[in-house]
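Trainee: Numbering-wise, the UniProt record's numbering puts 9 at position 9 of the sequence shown, and it's gapless, one number per residue.
My structure is below; once you've seen it, I'll send some questions.
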Amino acid sequence: MTLVEVGPRFCLNPIKIFGGSFGGPTLYENPYYVSPNQIRALEKRKKAGKYAKKVKAKGRRKMHEMENTLEPDEFAGLWK
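Pasting the structure below:
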């Protein structure tokens, strides 16, 4: 069984081929197919991880600022 590209704007990417019209034994299954739901779930997890990383970095920065306070600048009021 071979699939041929029909045109420059129409490319076939079969997911499953069944023995009957809409059911029956599976003759072919694409092992590389990833469903849109799985893609969306992965993107959502990636965004959640990115947000958690940002919140953690903000907390670390706040702790760093509290531990290392700036000394008052002796020239702060010089040009006022």
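Note that CB positions come from ideal geometry on N, CA and C, so glycine has one too.
1) From the DSSP output, read off the bridge partner residues of ILE17.
2) Looking only at its chain, what residues have a beta carbon closer than 8 Å to the beta carbon of MET66, apart from the 5 residues adjacent to it on each side?
3) Three-state secondary structure (DSSP) at ARG61?
4) Would a C-beta distance cut-off of 8 Å place ASN30 and PRO14 closer than the cut-off?
Mentor: Concretely, from the data shown:
1) TYR28
2) Cβ neighbours of MET66 beyond the five flanking positions: none.
3) helix
4) yes
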